[in-house]
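Beneath this line is the structure, given in structure tokens, with notes to follow.
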Amino acid sequence: MEENLPASEVVLELEADFAVAEPYPESEGILKPELVFGLAAPVGTDLRALRTALQERLDAFKYDCVHIRVSDLIKQYCEKDVREQIESAKEEERISLLMAAGDHLRDSVNRGDALVPLIVTAIRAAREKIKSKSGSTNIPADNVCFIVDSLKHPHEVATLRGMYGDNFVLISGFASKDHRKDRLCDAIARSHLSTRNEDFAKQAELLIATDAKRSGSKIGQSLRDAFPLADFFIRVSGDFTKSLDRFLDIYFGSPYLTPYPDEYFMFEATAKALRSSDLSRQVGAVVVDQSNHMLSAGCNEVPMAGGGSYWPGMNGGSDNRDFAKGRDFNAVKKFEIINELVSFLNTAGVLKLDDDISEDDFSRALLFGKHKGQFKDLRVSNLIEFGRVVHAEMNAITEAARRGVAVGGGILYCTTFPCHMCARHIISSGIQRVVYIEPYPKSMTEELFPETVLVDRETVSGDRTQRAGDAHPPVSFVPFEGVAPSLYTGLFRAGADARKNSQGYIVPWARREAMPKIASRSTYLELEQAVATEVANLKKVSKEAVQRHQ
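Below is the structure:
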């Protein structure tokens with residue numbers, strides 16, 4: 004029997020080292036605004052290393068850190084037998100049980116951000132403990148950063164960002180799939196007291212797939228959709244701490260750190276994406292040569308006679324973009340294809356429809372009925388060939404061709420991972436490297452071109468891997484690293500007096516006194532309180548609930 008758990012029973016156990024620590028007194032520096040840092044990463048990424056490094060480096064900025072571990076909060080909402088099952092389980096089962104428990108809590112209130120009230124309740128409990136000595140428990144805690152480890156759904160990110168505003172920062176950490184799989188196999192093998200890591204490859208792959216997105220569910224775990232919402236992206240392998248140091252220095256207003264080329268050109272690609280009127284998603288792309296000169300740019304848009312794509316107010320006022328036509332032609336064609344197949348199977352006698360169900364109704368039920376979540380994951384439901392828009396990558400390549408600009412040896416920055424149709428043109432054009440932010444699960448690039456592409460196998464230094472006997476190295480597709488386009492202007496804009504004083508000498512900058520560049524002291528405690536009360540709506544996780552979601 005599933006029961007509600009009173010909010011008063013949600014208890015946060017602070018880490019021992021923080022529980023006895025004293026907040027930084029005013030005499031040691033400027034009081035700094037409370038911060039909330041969220042972490043997001045695919046399963047198998049070393050989040051412990053990232054969180055530990057973040058805590059150590061925030062200490063230099065005179066911040067104490069409180070670790071809010073979301074998996075521990077989920078366990079508190081499990082019935083006793085489920086908690087015991089999680090704690091005694093082998094590693095693959097432990098992770099699977101926690102995923103299922105989280106999905107149950109989301110399902111119990113039909114919300115993707117169902118875990119946020121637990122997170123907020125934990126933050127409020129920690130703040131009350133910190134502020135209890137001063138007697139001022141109804142104000143944010145200065146010089147404190149709450150590290151939420153970790154977020155797995157885009158609605159969690161949106162709700163926390165909406166609540167804490169600029170005081171919330173999402174850091175998305177990643178490692179290559181092979182690296183994460185190896186780490187998972189090792190952890191699972193250890194829990195089985197085995198040294199044969201290879202025996203657990205299937206379990207590791209299943210966890211990676213489920214973590215990315217729970218099949219057939221909009222509100223289930225969906226790291227794939229939460230990850231690209233980050234303010235900062237970091238590869239958690241090798242010596243990643245230098246990258247973290249740089250981000251924190253930028254975030255805390257160091258006036259002498261400027262964008263890396265990847266950051267600048269991804270910002271350009273994002274700006275280009277905003278030009279798109281596509282009904283599904285906005286995508287932007289830019290092509291750059293090896294000397295960091297931008298060669299061309301494009302977004303996903305309907306092509307215009309004479310070259311290029313439509314702009315509003317051009318072509319004599321005639322606008323033939325999809326929104327003006329009133330439909331997404333790819334979606335319409337997809338329904339026609341499925342309906343055609345259903346009609347053929349019904350006529351051939353392979354499919355027996357009841358007399359009161361038409362072929363059209365049956366097709367609509369497949370696409371939009373109670374099984375639409377599962378049907379959406381099928382390849383037939385992910386056809387992309389019939390759209391009228393030119394994809395951003397192709398738009399950039401054809402723009403260069405139109406102007407007689409060679410793109411061979413160049414780098415393509417794209418806000419979304421290229422589809423397999425664009426990938427073949429990227430390969431053919433001679434582009435050597437592709438940098439992207441958002442994954443695109445419909446893409447079959449790696450499956451169709453295994454000999455000519457390397458997906459996320461670039462070394463940390465940026466060297467391309469070349470196979471023996473290859474005339475040219477494979478095209479490298481790598482995730483974006485650095486400050487996200489969403490924070491580009493806020494963090495890299497220098498104030499009038501940020502870099503030099505009235506005498507013309509540079510202004511000194513030190514971490515100890517540095518303030519967050521975009522955070523504020525705006526109050527959010529009333530909103531926090533309202534969200535925290537929603538804890539009472541959650542249903543405790545029973546064994547039956549876990550089994551339904553595994």
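If you use the working numbering, the sequence shown closes out at 553, no skipped numbers anywhere. The beta-carbon is built from N, C-alpha and C at its ideal position, and this holds for glycine as well.
Q.
What does the alpha-carbon distance come out to for the pair Thr162 and Val119?
A. Going by the C-alpha atoms only, they are around 7 Å apart.
Q.
Using a Cβ-Cβ cutoff of less than 7 Å, which residues in the same chain neighbour Leu277 once the five nearest sequence positions on both sides are dropped?
A. Within the same chain, Leu277 has close Cβ partners Gln285.
Q | 8 Å contact criterion, which Ala129 and Phe149 should meet: CB distance rounded | A | Going by Cβ atoms, the distance from Ala129 to Phe149 rounds to 7 Å, so yes, they are a contact pair.
Q) In the DSSP assignment, what residue or residues form a beta bridge with Ile509? A) In the DSSP assignment, Ile509 is bridged to Lys503.
**Q.** Supposed contact pair Ala215 and Ala43 - C-beta distance, whole angstroms, cut 8 Å
**A.** Between Ala215 and Ala43 the Cβ distance is about 12 Å, and since that is not below 8 Å, they are no contact.
Q) Among residues of its own chain, excluding the 5 on either side of Phe236, which ones have a beta-carbon nearer than 6 Å to its beta-carbon? A) Excluding positions up to five away in sequence, the list reads Ser175, Phe483 and Glu484.
Q) Does the pairing of the segment 479-499 with the segment 511-527 give three or more beta-carbon distances under 8 Å? A) Yes: at least three Cβ pairs fall under 8 Å.
Q. Taking Gln293 as the reference, which of Gln58, Asp242 and Val410 has the closest Cα?
A. The option with the nearest alpha carbon to Gln293 is Val410.
Q: Mark Met317 as exposed unless 16 or more other C-beta atoms lie within 10 angstroms of its C-beta, in which case mark it buried.
A: Counting Cβ neighbours within 10 Å, Met317 comes out exposed, since fewer than 16 surround it.
Q) Which word fits Thr418, buried or exposed, when buried means at least 16 other C-beta atoms lie within 10 angstroms of its C-beta? A) Thr418 comes out buried.
**Q.** For Ser431, the first and last residue of its enclosing alpha helix (DSSP H)
**A.** Run containing Ser431: His423 to Ser432, per the alpha helix (DSSP H) assignment.
Q.
Here's the rule I'm using: 16 or more other beta-carbon atoms within 10 Å means buried, otherwise exposed. How should Gly47 be labelled?
A. So Gly47 ends up on the buried side.
Q.
Using 8 Å as the cut-off, can you tell me whether the segment 257-274 makes contact with the segment 373-391, which would need three or more C-beta pairs spanning the two stretches below that distance?
A. Not touching, per the Cβ criterion.
**Q.** Residue environment, Val538, which counts as buried when at least 16 other CB atoms sit within 10 Å
**A.** Val538 is classed as buried because its beta carbon has at least 16 other beta carbons within 10 Å across all chains shown.
Q) Quick one: any contact between the segment 298-308 and the segment 397-407, if contact means 3 or more CB pairs under 8 Å? A) Taking 8 Å as the limit for Cβ pairs, the verdict is that the segment 397-407 does touch the segment 298-308.
Q.
Applying the 10 Å Cβ sphere with the 16-neighbour rule, what's the burial state of Gln224?
A. With 16 or more other Cβ atoms within 10 Å, it is buried.
Q: Give a yes or no on whether the C-beta atoms belonging to Val456 and Ile430 are separated by under 8 Å.
A: The Cβ-Cβ distance between Val456 and Ile430 falls below 8 Å.
**Q.** Closest residue to Ser74 among Thr55, Cys68 and Leu108 (Cα-Cα distance)
**A.** Of Thr55, Cys68 and Leu108, the residue nearest in Cα terms is Leu108.
Q. How about Leu372 and Lys221: are their beta carbons less than 8 Å apart?
A. Correcting the residue type first, residue 372 is Gly in the shown sequence and not Leu. One thing to note: Gly372 has its Cβ no nearer than 8 Å to the Cβ of Lys221.
**Q.** C-alpha distance - Val239 paired with Ile440, whole-angstrom precision
**A.** Those two C-alpha atoms are separated by around 16 Å.
Q: Would you check if there are 3 or more beta carbon pairs closer than 8 Å linking the segment 195-206 to the segment 337-356?
A: Taking a contact to require three or more Cβ pairs closer than 8 Å, the segment 195-206 and the segment 337-356 do not qualify as touching.
Q | C-beta contact flag for Val290 and Gly105 at 8 Å | A | Not a contact, by the Cβ cut-off of 8 Å.
(Q) So for Phe554, helix, strand or coil by DSSP? (A) No statement about residue 554 is possible, as the shown extent of the chain runs from 4 to 553 and does not include it.
Q. Hey, is the segment 543-553 in contact with the segment 79-93, meaning 3+ C-beta pairs nearer than 8 Å?
A. Yes, the segment 543-553 is in contact with the segment 79-93.
Q.
Per DSSP, what are the beta-bridge partners of Ile71 in this structure?
A. Looking at the DSSP output, Ile71 shares a beta bridge with Val151.
(Q) Applying the 10 Å Cβ sphere with the 16-neighbour rule, what's the burial state of Thr448? (A) Classification for Thr448: buried.
**Q.** Contacting residues, own chain, Cβ-Cβ under 6 Å from Lys184 (five flanking each side not counted)
**A.** So the list reads Ala207, once near-sequence residues are dropped.
**Q.** Cβ shell of Leu251 (< 6 Å), same chain only, five flanking positions each side left out
**A.** Arg60.
Q | Where the beta strand (DSSP E) containing Arg436 begins and where it ends | A | That run of the beta strand (DSSP E) goes Arg436 to Glu441.
(Q) Please report the straight-line C-alpha distance between Ala229 and Gly41, rounded to a whole angstrom. (A) Near 11 Å, if we compare the C-alpha coordinates of Gly41 and Ala229.
Q. In or out: Arg470 buried (at least 16 other Cβ within 10 Å) or exposed?
A. Any reading at Arg470 needs caution, since the residue's pLDDT is 47, under 50, leaving its predicted position unreliable; the model's value is listed next. It is exposed - the Cβ of Arg470 has fewer than 16 other Cβ atoms within 10 Å.
Q: Note down the Cα distance separating Glu454 from Gly433, rounded to an integer number of angstroms.
A: A straight-line Cα-Cα distance of about 15 Å links Glu454 and Gly433.
Q. So, are the CB atoms of Lys35 and Asn141 less than 8 Å apart?
A. Not closer than 8 Å, so no.
(Q) Give the list of continuous alpha helix (DSSP H) stretches no shorter than 4 residues that lie fully inside the segment 245-333. (A) 264-276 and 325-328, all fully within the segment 245-333.
Q: Please report the residue range of the alpha helix (DSSP H) in which Thr162 lies.
A: Note, Thr162: alpha helix (DSSP H), Pro157 to Tyr167.
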